[in-house]
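Engineer: Let me begin by handing over the structure; questions about it come next.
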Amino acid sequence: MALDIRQALDKTRQPFRWLVLAALALFLVVGAVAAGVFVADHPRGIFRFASLLTIVGVLGSSALAALGSRVPKRTIIELDLTKPVVEKASASPLGRLGGGPKTSTIREVVEGLERAAKDKRVVGLFARVEAPATGALADELRDAIGAFRASGKFAVAYSHSFTMTSGYYVATAFDEIAVQGSGDVGVSGWLAQGFFVRGLLDKIGVRARLGQRYEYKNAVNQLTETAFTPAHREASTRLSEARFGQLVDAVASGRGMNPDAARKLLLRGPYAAADALAEGLVDRLAYYDEVVDSVKERAGKGSGLLFLHKYAKRTKRGANRGQTVAVIHAVGAVMSGKGGGFNPLTQGPAMGADTISSALRAAAKDKGVKAIVLRVDSPGGSAVASDTIWREVMNARATGKPVIASMG
């Protein structure tokens, strides 16, 4: 908390803060003198002295907390995208440990940027970008940044080196992109790979017996095939072409070039920083401190940076006493039982049918909940577990409450 207070004092730069601190110092001095009188003149003065110090401490802490919770004028929101933005915060205690930057959820980022876009005290956005998100999360992140820019405020992205295409894809939503001169811009085409172990299983005399519903359900192919089947290849190719098309459109619109030129640039990548500058993929080569200085200069005298999660905390709204919409996160491979675990097949999180079903039942029974949003981010999984969840969705709908599926 002490760090927050110092940052607030450094960034506010307004006479009001000195008045508050001067008044607080005067109050402490007067309190100490009065306490000395109590101790000298009264047998029980020591107790009164302790009580007075307690009151002074509480009032002082409250004053400093109020000062530290302010959002100064000409604030630049700092967005840390050096860690991936996730769909849902980790439910594991181990996942919440560590001293590094806080991992943000897509909802926290989107809501924070929406609030900052409407806040007259906020003048711009600065982000350090590495590998913030992929797939639908990257799309939502770009949309949120674009909406922030639409409010008339600037947005600057910086990276030591864009090592992944997904990082640069998000960066194209900013009006300025800077990279360290010794770095790279690692853009390229799109590749789909398959990993098949049927040959290994044949050598050790093992045969996989798995169910498959039609030829395009290809999750089991890695165990039952030695290469892409025609249907598997078609599905992977179409998905790759669609994602690459989105990347081309993002670079073309974000960097002000026609789609054909953007496509050719991407297919020739990756690029050293100087080459990326020459090709118009970035706006400048600079170190982190140089970009920070230029961002502050752009924002005007007295400006300062404030991390998005701290801004969100300082502008947090009170509890809504009106109608409530329940948001249920269905993240990971679908499995029977309770969720929150790890799925070795997909190398990602797993959602449990029992956990999701319980949440749906609770939301359906809660009279204060007027609608339910089922936020789905899943590669698929157990048909039986999916059927269990489907049943609870239908039961929830039978109560008359709208149930909306949001696909992540």
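Per our numbering, the sequence shown runs over residues 1445 to 1852.
Glycine included, every Cβ here is placed at the ideal spot set by N, Cα and C.
Only a predicted model underlies this, so the values are computations on that prediction, with no experimental measurement involved.
1) Going along the chain, which unbroken runs of the alpha helix (DSSP H) with 4 or more residues stay wholly within the stretch 1519-1596?
2) Determine the extent of the alpha helix (DSSP H) in which SER1680 is found, giving its start and end residues.
3) Compute the Euclidean distance between the alpha carbons of ALA1770 and PHE1592, then round it to the nearest angstrom.
4) According to DSSP, simplified to helix, strand and coil, what is GLY1855?
5) Could you tell me how far apart the beta carbons of TYR1613 and ALA1582 are, in whole angstroms, since I believe they sit closer than 8 Å?
6) Return the CA-CA distance between ARG1653 and LEU1667, expressed in angstroms with no decimal places.
7) Just reading off the beta strand (DSSP E) that PRO1793 is part of, what are its end residues?
8) With 16 other CB atoms within 10 Å as the buried threshold, where does PRO1658 fall?
9) Excluding the 5 residues preceding and the 5 following THR1607 in the sequence, name in chain order all residues of the same chain whose CB lies nearer than 6 Å to its CB.
10) Mind checking whether LEU1523 and PHE1751 have CB atoms under 9 Å apart?
11) In whole angstroms, what separates the C-alpha of ASP1719 from that of SER1747?
12) Should the stretch 1810-1826 be called in touch with the stretch 1769-1783, which here means at least 3 C-beta pairs below 8 Å?
13) Quick check: what's the CA-CA separation for GLY1781 versus MET1795?
14) So is ASN1702 buried or exposed if we call it buried at 16+ other beta carbons inside 10 Å?
15) Using the three-state DSSP reduction, which class does THR1843 fall into: helix, strand or coil?
16) Between the stretch 1629-1645 and the stretch 1679-1689, are three or more C-beta pairs nearer than 8 Å?
17) For THR1768, does the three-state DSSP call read helix, strand or coil?
18) In angstroms with no decimal places, state the Cα-to-Cα distance between VAL1567 and PHE1598.
19) Report the rounded CA-to-CA distance for GLU1678 versus ALA1663, giving the unit in angstroms.
20) In whole angstroms, give me the CA-to-CA distance for SER1850 and SER1822.
21) If distances are taken between C-alpha atoms only, which option among GLY1698, GLU1669, ILE1550 comes closest to GLN1656?
22) According to DSSP, is ARG1653 helix, strand or coil?
Structural biologist: Checking against the coordinates, here is how it stands:
1) 1550-1562, 1579-1594
2) If you number the sequence shown from 1, residue 1680 lands on position 236. SER1680 -> alpha helix (DSSP H) spans 1674-1699.
3) Locating residue 1770 in the sequence shown gives position 326, where the first residue counts as 1. Locating residue 1592 in the sequence shown gives position 148, where the first residue counts as 1. Cα to Cα, ALA1770 sits roughly 26 Å from PHE1592.
4) Nothing about residue 1855 can be reported from this structure: the residues present for the chain run from 1445 to 1852 only.
5) Locating residue 1613 in the sequence shown gives position 169, where the first residue counts as 1. Locating residue 1582 in the sequence shown gives position 138, where the first residue counts as 1. Contact flag correct, Cβ pair sits at about 6 Å.
6) The residue labelled residue 1653 in the question sits at position 209 within the sequence shown. The residue labelled residue 1667 in the question sits at position 223 within the sequence shown. Roughly 9 Å separates the two Cα atoms.
7) Within the sequence shown, numbered from 1, the residue matching residue 1793 stands at position 349. First-last of the beta strand (DSSP E) with PRO1793: 1792-1796.
8) In the sequence shown, residue 1658 corresponds to position 214, counting from 1. As written in the sequence, residue 1658 is Tyr, which differs from the Pro given in the question. Counting Cβ neighbours within 10 Å, TYR1658 comes out exposed, since fewer than 16 surround it.
9) Position 163 of the sequence shown, counted from the first residue, corresponds to residue 1607. GLY1630, listed in sequence order.
10) Taking the sequence shown and counting its residues from 1, the one referred to as residue 1523 is at position 79. Taking the sequence shown and counting its residues from 1, the one referred to as residue 1751 is at position 307. Yes, the pair counts as a contact, with Cβ atoms nearer than the cut-off.
11) Reading the sequence shown from its first residue, position 275 is the one you call residue 1719. Reading the sequence shown from its first residue, position 303 is the one you call residue 1747. Approximately 33 Å between the Cα atoms of the pair.
12) yes
13) Taking the sequence shown and counting its residues from 1, the one referred to as residue 1781 is at position 337. Taking the sequence shown and counting its residues from 1, the one referred to as residue 1795 is at position 351. Straight-line Cα distance between these residues: approximately 9 Å.
14) Counted from its first residue, the sequence shown places residue 1702 at position 258. Classification for ASN1702: exposed.
15) What you label residue 1843 is simply residue 399 of the sequence shown in a count that begins at 1. Reduced to three states, the DSSP call for THR1843 is coil.
16) yes
17) On the sequence shown, residue 1768 is found 324 positions in, with the first residue counted as 1. In the structure shown, THR1768 sits in a strand (DSSP, three-state: E or B).
18) Here the question's residue 1567 lines up with position 123 in the sequence shown. Here the question's residue 1598 lines up with position 154 in the sequence shown. Using only the alpha carbons, I get a separation of about 7 Å.
19) One-based indexing of the sequence shown puts residue 1678 at position 234. One-based indexing of the sequence shown puts residue 1663 at position 219. Roughly 14 Å between the two C-alpha positions.
20) Working through the sequence shown from its first residue, we reach residue 1850 at position 406. Working through the sequence shown from its first residue, we reach residue 1822 at position 378. Each residue's alpha carbon lies about 11 Å from the other.
21) Stepping through the sequence shown from its first residue, residue 1656 is reached at position 212. The shortest C-alpha separation from GLN1656 is found at GLU1669.
22) Locating residue 1653 in the sequence shown gives position 209, counting from the first residue. Coil.
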